[in-house]
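Chains as they are written, first to last, in our numbering: chain A, 559 to 850; chain B, 9 to 352; chain C, 415 to 849. All C-beta atoms, glycine included, are put in the ideal place defined by N, C-alpha and C. Just so we're clear, the structure is a prediction, and the values are computed from it rather than from any experiment. Take a look at the structure set out below.
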Amino acid sequence: MAREIYQAITDGILVGGVYALMAVGLTLIFGVLDIINIAQGIMVILGAYLSYELAARLHIDLFLGLLVTVPAMFVIGVVIQYAFIRPLRGRERMSMTLLVSYAVALIIEGILYETFGADDRQLSAWYVTSSVHVFGFYLPYIYLFGFALALLLVAALYALLYRTGFGRSVRATMQDETAARLVGIDTNRVAAITFGVGVAVTAAGGMVYGATNSFNPNSGYDLISRLLAIIILGGLGSIGGALAASIFMLTLESLVDIWQPTWAIVVFYAALVIVLVIRPTGFFGRQPVRAQ
Amino acid sequence: MSKGQILRVTGLVALLAAAVLFPVVFSNPVYTNYGVYTLVFVAVASAWNVFSGFSGYISLGHAVFFGSGAYALGIAARDWHVTGVGVFGLLPLAAAVGAVIAVPFGLIALRVRRHTFIVITIAVFFIFQLMAYNFSFTGGSSGVDAPFLPWQASTYNNPFYYITLACAVGMIALAWLIRRSRFGLQLRAIRDDEDRARGLGVHAMRVKLAAFALSGAVTALVGAVWFFYLTQVQPPSAFDPLFDLSVVLMAFLGGLGTVSGPVLGALIIEPGQLWLTANANGYISEILLGALFLVAVLLVPRGIIPTAGEYLRRLTTRGRAAIPTASATVPQAPDPAPAQEAQR
Amino acid sequence: MRPNLPWLPKRAFALTGTAVLSVSVLAACSSSSSSSTSTSTSTSSSSSPSSSTPITIGASLSLTGDFSADGINYEHGYELWANDVNAKGGLLGHKVVLKILNDASSPTQVDTNYQTLFSSDHVSLAFGPFSSLLTTPASAVAARYGYAFVEGAGGAPTVFNSPSNQADHNVFDVSLPIKDEMVPFVNYIKSLPASQRPKTAAYPMADDPFADPPVQLAQQELQALGVKTVYSKIFPEEVADYKAPADDVAASKAQIVVLGSTDVPTVAAFMQAFEQQHYTPKLFIAAAGPDQGSAFTSVVGKGNAAGMMVPDGWYPGYASSASQALVQEYVSKYGGNAAGVSSDVAEAYSVGQVMAQAVAATGGFNNAKIISYLHSDVTLTSVQGPVKFDSLGENNASAAFVFQWQNGGAVFNQVLPAGVSGSVAILATKPAWTS
Chain A
559 MAREIYQAIT
569 DGILVGGVYA
579 LMAVGLTLIF
589 GVLDIINIAQ
599 GIMVILGAYL
609 SYELAARLHI
619 DLFLGLLVTV
629 PAMFVIGVVI
639 QYAFIRPLRG
649 RERMSMTLLV
659 SYAVALIIEG
669 ILYETFGADD
679 RQLSAWYVTS
689 SVHVFGFYLP
699 YIYLFGFALA
709 LLLVAALYAL
719 LYRTGFGRSV
729 RATMQDETAA
739 RLVGIDTNRV
749 AAITFGVGVA
759 VTAAGGMVYG
769 ATNSFNPNSG
779 YDLISRLLAI
789 IILGGLGSIG
799 GALAASIFML
809 TLESLVDIWQ
819 PTWAIVVFYA
829 ALVIVLVIRP
839 TGFFGRQPVR
849 AQ
Chain B
9 MSKGQILRVT
19 GLVALLAAAV
29 LFPVVFSNPV
39 YTNYGVYTLV
49 FVAVASAWNV
59 FSGFSGYISL
69 GHAVFFGSGA
79 YALGIAARDW
89 HVTGVGVFGL
99 LPLAAAVGAV
109 IAVPFGLIAL
119 RVRRHTFIVI
129 TIAVFFIFQL
139 MAYNFSFTGG
149 SSGVDAPFLP
159 WQASTYNNPF
169 YYITLACAVG
179 MIALAWLIRR
189 SRFGLQLRAI
199 RDDEDRARGL
209 GVHAMRVKLA
219 AFALSGAVTA
229 LVGAVWFFYL
239 TQVQPPSAFD
249 PLFDLSVVLM
259 AFLGGLGTVS
269 GPVLGALIIE
279 PGQLWLTANA
289 NGYISEILLG
299 ALFLVAVLLV
309 PRGIIPTAGE
319 YLRRLTTRGR
329 AAIPTASATV
339 PQAPDPAPAQ
349 EAQR
Chain C
415 MRPNLPWLPK
425 RAFALTGTAV
435 LSVSVLAACS
445 SSSSSSTSTS
455 TSTSSSSSPS
465 SSTPITIGAS
475 LSLTGDFSAD
485 GINYEHGYEL
495 WANDVNAKGG
505 LLGHKVVLKI
515 LNDASSPTQV
525 DTNYQTLFSS
535 DHVSLAFGPF
545 SSLLTTPASA
555 VAARYGYAFV
565 EGAGGAPTVF
575 NSPSNQADHN
585 VFDVSLPIKD
595 EMVPFVNYIK
605 SLPASQRPKT
615 AAYPMADDPF
625 ADPPVQLAQQ
635 ELQALGVKTV
645 YSKIFPEEVA
655 DYKAPADDVA
665 ASKAQIVVLG
675 STDVPTVAAF
685 MQAFEQQHYT
695 PKLFIAAAGP
705 DQGSAFTSVV
715 GKGNAAGMMV
725 PDGWYPGYAS
735 SASQALVQEY
745 VSKYGGNAAG
755 VSSDVAEAYS
765 VGQVMAQAVA
775 ATGGFNNAKI
785 ISYLHSDVTL
795 TSVQGPVKFD
805 SLGENNASAA
815 FVFQWQNGGA
825 VFNQVLPAGV
835 SGSVAILATK
845 PAWTS
């Protein structure tokens, strides 16, 4: 029994890393643009397909391929934000962004179906199926690399947010958009670039997700609900919170899996509800600013 | 009654008569089938709007009520051995189940705002879907079957049409009454600025909860009718994640917060979606649908009804001030008609 | 006091009313409609059209959405059948025209589609959709309109036990009843001498009415044989991560794994987790997934596919001339190779074949006669083998076979029941994972 628990905890941490990669971009977008990006799920899948194409056609290693997919997704993110999100204003902004991001998700899904068909794919590489033997457990390399990548990206984002001028602008906009504008920050530019960064990070998440799960264009819907739960738990806009929440939720789920897998996901969502009742802003969230 | 009011009432009566006579004129079951599903969504969109549109709390978890109503009817009919037309008598039970679920759901969810609220509704939605899979009294992944109705195919749809019509008309009437009432005013105050409303003495939690329960009860009722019509319910169809998004789109397209907006939105989108999907040529339809949504949101951001209303008002009051400005020293407007328009 | 949101001005209201009416009129006009008078009684259109008019067969398939991969295979199967029938002169001399509507894997849509097909298009015959989830409500509509509902993808008990089928007996599933699926596998284990028989077994099952019954039955039988159950749990079907249940199975070190899966991703996820955990079960059988041909091997890799077993009523190597012809036709029309043809195609083709035989036997397109004919204990043929329906519409003449990927994943062979014509030697131990 003890062994199962240790296995579940390691599983939870490792898989939590994968989810963190997918969630970090979403929480950043939330924090700065104050919108729910329902298209995040399909962005993960898009990243997975891009990595797949690079690997299948040009035989580029998955991690190396990120050097191409991440900038590509950045550009896609900026374009989407500029074209569809920026024009949304007014009191109904929340429902509008919901609908617009849903519409974008539909369009991307349709394009993926047309281009790749409905068959399942999976990314493969030597490190996907092999594992390292540690303390009697097998830890698959892909999860270890993915976790390391998650830590790296979180650190990089922290560096971006706390060590650069642009990062200061982003944090200012997160705190209070009107005040930021008054101080002279071009919040539109900040919003566009942040959205791009959020989507770019998702490219990495997509690659690791595609290596650890088989996917098809329809796989995005399940993901988005879990990702939303994770970032709300971690606190909107908190990158470290997204990482902590991913690990926490996935570990909890793995532990309940030992007993009864059908209840594991219920526990996942129930945990979210419970935490939010006790602490509405999540683990590391800020108090919401009034009048935003 | 003024001329305007007479015109409005006549229009309403004409609409109602058209709706009632629809199955008589278009008696082919294909049309009444479209009618049934469309009216289901008219009722749900209107119910959703009474809560989310009026209060500003966007709920993506109304499928909880829809599915719970469906399951409630199915389980009750199965366990109490109710068959045939008697099943319709169980409908109030479904509505009651919806209201009962809304109370704890609302007490938990309505404590948080905006995005957090949305995500809690999504979380509760998934909890319900998964519970439907896991419990044996819900039939697990096999779901629940509705009692068999040995009716003729040519007229099978009609009773369902009239019941959903009654639900829809009732909900619209309720929405209209609420909008005119103090309760509706309180809801809109919450929407505009909840803290200030609280400061002014509005019992925010009670008001929100009441709207949530009402909205939930009607949605559950309609869900039960839908289940009986379709003859079967299973977890993925009872709790469909895309259900709420469709409802949001309908309410939004027509005009969030208006009474007739969600109705128009449902009337446009549901038949459109049914027809487009059936004749879809691969995934082009999905791309088209997404593009249509985008166009709708970007071009008509306030919804069709408010935009159309404004456009018409601009037409009819061209050249004249529609609103007597605050700084006007002359108390009466040059023409009584615009003042009447403004007062509405 | 001027309200914040604009009230609806009376003229706009009239406009709305007009809009509503015009929308409904447009909807009426745009759908392919005949007269607006009601259709006749509950029996279907029973008149025989003149011999030069084509007859239409209607079906709703999941061309988009959750089940789209299988839905498209079914579309191909129906189309291939229609082409073959027309090449031979059609059904009773009438050319067959297929009308297939997309249901996007939604029950509401499937209901609408079949009502459209019956009431508006007045199709002569109907074929079933894909998956038990959609077949149940669709068959209720067909029962109402008096159509025989021949299908190949609705095998869960919910389909046969639905109130409408119990009342009208109009459902006919041409494919193997799922509860019999694992029987050859269980018999194989029984046939092994006690010293060689595996001692432990794991039964992970997806939460699905199609996947669970055969696995649960297998568990009962194998337990009675003395095979210890070391893992038996149901996991949610759409879980985005199967790693934890799969790791638990690997930790149990079961010698047999009977996986209740419904699609390729589930099997692939378990296989991948097993490989990561350096665990290879001696025998690994999955309820579905490995029968999807190249859609399976391209995801898991050919080497890994070797040894994987799956029960089914058909496989591309099935040695009947009709089946071989079908495989060749599929490959020439849609590409790919023979081993890659999914069993969906054969199921759909069989639906057509059974209907054709019923039409020929009853001499017309009267659905009531077709229903009684199909219930008359007659044995029909199909590319999947013999077909005979019991009173609830299950095919109790079909034989369950178990298939296995062999030769390093290059060939998909029939292995069980052993000794039966067409069966080759089974790979008694699954080869180690390759990467």
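- For A:Gly589, the enclosing alpha helix (DSSP H) stretches over residues Ala560 to Leu591.
- Contacts with chain C at 8 Å (Cβ-Cβ) include B:Pro158.
- When secondary structure is reduced to three states using DSSP, C:Asp622 falls in the coil class, being assigned neither helix nor strand.
- Ranked by how close their Cα comes to the Cα of B:Ser223, the residues B:Ile14, B:Leu98, B:Val58 and B:Arg16 have B:Val58 in first place.
- At least 8 Å separates the CB of A:Asn595 from every CB of chain C.
- Around the Cβ of A:Tyr720, a 10 Å sphere holds fewer than 16 other Cβ atoms; the residue is exposed.
- By the neighbour-count definition (other C-beta atoms within 10 Å, threshold 16), A:Gly648 is an exposed residue.
- With respect to the C-alpha of B:Ala51, the residue from B:Arg119, B:Val267, B:Ile135 and B:Val132 having the closest C-alpha is B:Val267.
- For A:Gly704, the enclosing alpha helix (DSSP H) stretches over residues Tyr699 to Arg721.
- Taking A:Phe632 as the centre and dropping the five residues before and after it, the same chain places the C-beta of Gly754 and Ala758 closer than 6 Å to its C-beta, in chain order.
- It is roughly 23 Å from the alpha-carbon of A:Leu579 to the alpha-carbon of A:Thr655.
- Pairing B:Val226 with B:Gly77, the inter-Cα distance amounts to about 9 Å.
- Closest by C-alpha distance to C:Asp662, out of C:Ser482, C:Asp705, C:Gly542 and C:Gln690, is C:Gln690.
- For A:Arg561, the residues of chain C that pass the 9 Å Cβ criterion are Ala665, in the order they occur in the chain.
- Counting other Cβ atoms within 10 Å of its Cβ, B:Asn289 stays below 16 and is therefore classed as exposed.
- When only Cα atoms are considered, A:Ala800 and B:Arg199 end up about 29 Å apart.
- Going by beta carbons, B:Ala228 and B:Gly94 fall outside the 8 Å limit.
- For C:Gly507, the closest of C:His536, C:Phe481 and C:Ile469 by C-alpha to C-alpha distance is C:Ile469.
- With a beta-carbon spacing of about 7 Å, A:Gly599 and A:Ala663 fall inside the 8 Å limit used to define contacts.
- As computed with DSSP, A:Thr770 is found in no beta bridge at all.
- DSSP links C:Gly731 through a beta bridge to no other residue.
- One thing to note: A:Gly795 has its Cβ no nearer than 8 Å to the Cβ of A:Thr568.
- Using a Cβ distance threshold of 8 Å, C:Phe541 and C:Ile471 count as a contacting pair.
- A Cβ-Cβ separation of about 11 Å leaves C:Ser675 out of contact with C:Gln706 under the 8 Å criterion.
- Rounded to the nearest angstrom, the Cβ distance from A:Asn595 to A:Ser659 is 5 Å, consistent with a contact under 8 Å.
- A residue is called buried when at least 16 other Cβ atoms come within 10 angstroms of its Cβ; B:Ser60 meets this threshold and is buried.
- Contact between C:Asn516 and C:Leu477 holds: their C-beta atoms lie close to 4 Å from each other, under 8 Å.
- Between A:Met765 and A:Leu681, the C-beta spacing is below 8 Å.
- For A:Asn771, at least one C-beta of chain C is nearer than 8 Å to its own C-beta.
- In terms of Cα proximity to A:Arg561, the closest of A:Ala581, A:Ile743 and A:Ser812 is A:Ser812.
- Residue state for C:Gln610 is assigned as coil, using DSSP reduced to three classes.
- For C:Lys642, the enclosing beta strand (DSSP E) has its first and last residue at Lys642 to Phe649.
- In this structure, C:Gly727 lies away from C:Gln828, with their beta-carbon atoms at least 8 Å apart.
- In this structure, the CA atom of C:Pro845 is about 38 Å from the CA atom of A:Glu667.
- Boundaries of the beta strand (DSSP E) harbouring C:Glu565: Phe563 to Glu565, taken from the DSSP string.
- For the region 278-299 of chain B, the beta-carbon criterion of a distance under 9 Å to any beta-carbon of chain A is satisfied by Gly290, Tyr291, Ile292, Ser293, Glu294, Ile295, Leu296, Leu297, Gly298 and Ala299.
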